[in-house]
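Read through the structure below, which is laid out as structure tokens, and then see the notes.
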Amino acid sequence: MSEPADTSEPADPVGPADPVGPSDLAITRQVLRRVFWRYFWSFQVSWNYERMQALGFCYSMVPVLRVLHPDRAAFADSLRRHLSFFNTSPIVGGPLILGTTIAMEEAGSTTSADSVKVAMMAPMAGIGDTITFALYNSIIFSIGAGWALQGNVMGPIFTVLFVLIPYFVVRWWQFGFGYRQGKNMVARLASGALEKLNEGATILGLIVMGGFIPQIVKIVTTLTYQQNITAVKPGGGSTVVTQKVPVQKQLDAILPYLLPVAITAFIYFLLRRFNLHPIWAIVIVFAIGLALGGLGWFAKALPT
Amino acid sequence: MLIALALTLWAVVCIYDMLGPTLFYGTRPMVVGTVAGLIVGDLTLGMAVGGTLELTALGIYTYGGASTPDYITGAIVGTALGHVTPGDPGHQLAIGLTLGVAASLVLTPLDPIGRFLPTFWIHRADRAAMAGRTRELSVLHWTAFLPWAAVRAVPTFLATYFLNTSAVSAIERSVPNWFTNGMTLVGAILPAVGFAMLLKLLPVRRYWYMLLLGYVLFAFMKVTLVGVTLFGLAVAVIFVTLKPPTADRLTRTEGSSDNV
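The listed protein sequences derive, respectively, from chains A and B. For the first sequence, the working numbering assigns the number 1 to the initial residue and increments by one for each residue that follows. For the second sequence, the working numbering assigns the number 305 to the initial residue and increments by one for each residue that follows.
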């Protein structure tokens, strides 16, 4: 199953053309298992704003990289490569990408290992978070919380069991699946299958993100402006009434979720045009948020 | 003292569970509150505080690294302070919930600090990787968890050790109003950075209309995110199927001799 490439397989179509060539240093089941447990027990413990899950990914890869790169300089270089920015859904996505990356790395195609990480992490973040949070968790936890409120201990127990078992199984399965499919992907790189998969996943990811951004990023303006209206008195004659109109209402009429989309576009523009360091983007958002929120002109949501 | 230490340890275990093994989903208030109830010796109160917070927070998850109200500390502090409040269970629950929600919100600004500090670790990790020092890499990886743990452990210990109801409300009062408002907005717009970073990695210029599609579905047609995802899946399949085959068909008819 997840055994390394069998030599009895029909001629590997990618092998000879690859600049490095597939490694003959076999990755054993034991090594794969060590990677999985490293991922399982600690994937996000070093999560940070700058590179998010990068160190966790690199740490998990160490057993494999050590086998594949006996040369010290090559080993150090592989560690450096896997320390680049990485973030995806840790439950549905993380193990899949990890398994796929190992297969690519084993096949000696380090560039495709790097590019498959980048190509898969964003769509898997959107898909994985939606599956685990929006779909699965909301059902499991609302059932459990309902029972807990009635004083039924089965509520928490039910929820814990439905986290413990499926969450483990889905990660274990993905890891093996990613590794096996990763080998196939390398073999079919030239047939464009991976390109198709990447393209499909990218499209799915972009569509999901188009819906995600206005849902998750929350900002509204609490500003109002005065408007004079000539009202007709019931007994005849007219009077000028001053009315307060919320600006947010006008914005919603132009385009719903205009502000969340605008602020995301603004940061995207900063990152792209000026190649801004993410830390600076965070600092800028902190400053803008604290200023606008502190002044009371903008808020997370309109007061009800 | 012993109970305060046990609750503090529980807070650390919970955040570790979320970042690491996810055995019981340590950031969800129901599980957190139930065990906190067991620790203080009032299981029913713990389940009630945790369960209520759970339903309030349903659908609040951290996407792309956004800060959410700290329900771990909230559920623990709420349960512990509700337990020491004199009165009948109903009153204890009301007090516990008020203080639990207040603690979750007041402590939210600490979360970005816990997420920011490990950045210093990663720069040291770069140097360790460059030299191929894996032991140092491992130590850095695990110790980068300390800021995450500290921003929960310290407030939990302080709040539960000085077990009195006035402590939390005093903290709440001492924070100026404008700062709380500002930090609430910061927490609400910070996900934009994560999204922008992801967008930078994607071919937005080529497929900008796909973003637009998701936006229109959600913003104008009020389709839920599950709906948007399923629609996206269908579009992705249709798109790659209908796309005129380029090198793809050629290589397939030529069999395995597709080396370039």
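Just so it is clear, CB atoms sit at the ideal spot from N, CA and C, and this is done for glycine as well.
Spatial distance of residue i from residue j (CA atoms)
{"i": "B/Ile319", "j": "A/Leu149", "result": "24 Å"}
{"i": "A/Val240", "j": "A/Leu251", "result": "26 Å"}
{"i": "A/Arg80", "j": "A/Val153", "result": "48 Å"}
{"i": "A/Met52", "j": "A/Ser84", "result": "9 Å"}
{"i": "B/Gly404", "j": "B/Gly345", "result": "18 Å"}
{"i": "B/His445", "j": "B/Ala433", "result": "12 Å"}
{"i": "B/Asp562", "j": "B/Pro548", "result": "Since pLDDT at B/Asp562 reaches only 32, below the 50 mark, its modelled position is unreliable, and the value read off the structure follows with that caveat. B/Asp562 and B/Pro548: Cα-Cα distance of roughly 19 Å."}
{"i": "B/Ala454", "j": "A/Asn184", "result": "44 Å"}
{"i": "A/Gly99", "j": "A/Ala107", "result": "13 Å"}
{"i": "A/Thr264", "j": "B/Leu385", "result": "40 Å"}
{"i": "A/Asn87", "j": "A/Val169", "result": "21 Å"}
{"i": "B/Ile426", "j": "B/Asp392", "result": "50 Å"}
{"i": "A/Ile165", "j": "B/Leu311", "result": "26 Å"}
{"i": "A/Ile314", "j": "A/Leu271", "result": "Within the shown structure, residues of chain A are numbered from 1 to 304, placing residue 314 of chain A beyond reach of any answer."}
{"i": "A/Val35", "j": "B/Leu502", "result": "26 Å"}
Residue i in three-state terms, based on DSSP
{"i": "A/Ile219", "result": "coil"}
{"i": "A/Ser238", "result": "strand"}
{"i": "A/Ala299", "result": "strand"}
{"i": "B/Val527", "result": "coil"}
{"i": "B/Met305", "result": "coil"}
{"i": "A/Asn275", "result": "coil"}
{"i": "A/Ile254", "result": "helix"}
{"i": "A/Ile229", "result": "strand"}
{"i": "A/Pro123", "result": "helix"}
{"i": "A/Glu9", "result": "Only weak support exists for where A/Glu9 lies, its pLDDT of 38 falling under 50; the coordinates are left without a value."}
{"i": "A/Pro246", "result": "strand"}
{"i": "B/Phe328", "result": "coil"}
{"i": "A/Phe168", "result": "helix"}
{"i": "A/Thr224", "result": "strand"}
{"i": "A/Leu40", "result": "The question names Leu, yet the displayed sequence has Phe at residue 40 of chain A. Correct three-state label for A/Phe40: helix."}
{"i": "A/Phe75", "result": "helix"}
{"i": "A/Phe175", "result": "helix"}
{"i": "A/Phe85", "result": "coil"}
Sequence-distant residues of its chain with Cβ nearer than 7 Å to residue i (five each side left out)
{"i": "A/Thr132", "result": "Ser89, Ile91, Val92"}
{"i": "B/Ala523", "result": "none"}
{"i": "B/Gly518", "result": "Val532, Gly536"}
{"i": "B/Arg332", "result": "Glu358"}
{"i": "A/Asp129", "result": "Ser89"}
Closer than 7 Å to chain A by CB, residue i
{"i": "B/Leu450", "result": "no"}
{"i": "B/Thr402", "result": "no"}
{"i": "B/His395", "result": "no"}
{"i": "B/Glu587", "result": "Beyond the ends of chain B as shown, which are 305 and 564, falls residue 587 of chain B; an answer cannot be given."}
{"i": "B/Tyr511", "result": "yes"}
{"i": "B/Val336", "result": "no"}
{"i": "B/Thr377", "result": "no"}
{"i": "B/Pro422", "result": "yes"}
{"i": "B/Met514", "result": "yes"}
Contacting residues, own chain, Cβ-Cβ under 8 Å from residue i (five flanking each side not counted)
{"i": "B/Ala540", "result": "none"}
{"i": "A/Lys233", "result": "Thr239"}
CB of residue i within 7 Å of CB of residue j, strictly
{"i": "A/Phe298", "j": "A/Ile216", "result": "no"}
{"i": "A/Ala122", "j": "B/Leu505", "result": "yes"}
{"i": "B/Ala398", "j": "B/Val336", "result": "no"}
{"i": "B/Asn485", "j": "A/Gly56", "result": "no"}
{"i": "A/Phe158", "j": "A/Gly144", "result": "yes"}
{"i": "B/Pro422", "j": "B/Ala457", "result": "no"}
{"i": "B/Thr603", "j": "B/Ala407", "result": "Chain B is shown from 305 up to 564; residue 603 of chain B falls before or after that span and cannot be answered."}
{"i": "A/Gln181", "j": "A/Thr221", "result": "no"}
{"i": "A/Val160", "j": "B/Phe328", "result": "yes"}
{"i": "A/Ile27", "j": "A/Val64", "result": "yes"}
{"i": "A/Tyr167", "j": "B/Thr326", "result": "yes"}
{"i": "A/Val285", "j": "B/Val497", "result": "yes"}
{"i": "A/Pro95", "j": "A/Arg171", "result": "yes"}
{"i": "B/Leu521", "j": "A/Gly211", "result": "yes"}
is_contact[residue i, chain B] using C-beta, thresh 7 Å
{"i": "A/Leu307", "result": "The structure shown does not extend to residue 307 of chain A, since chain A spans only 1 to 304, so no value can be given for it."}
{"i": "A/Ser42", "result": "yes"}
{"i": "A/Lys196", "result": "yes"}
{"i": "A/Phe75", "result": "yes"}
{"i": "A/Thr111", "result": "no"}
{"i": "A/Val160", "result": "yes"}
{"i": "A/Thr264", "result": "yes"}
{"i": "A/Ile27", "result": "no"}
{"i": "A/Asn275", "result": "no"}
{"i": "A/Ile203", "result": "yes"}
{"i": "A/Ser84", "result": "no"}
{"i": "A/Asn184", "result": "no"}
Other residues of its chain near residue i: CB distance less than 6 Å, five sequence neighbours each side excluded
{"i": "B/Thr338", "result": "Gly350, Met351, Gly354"}
{"i": "B/Leu409", "result": "Pro373"}
{"i": "A/Ile127", "result": "none"}
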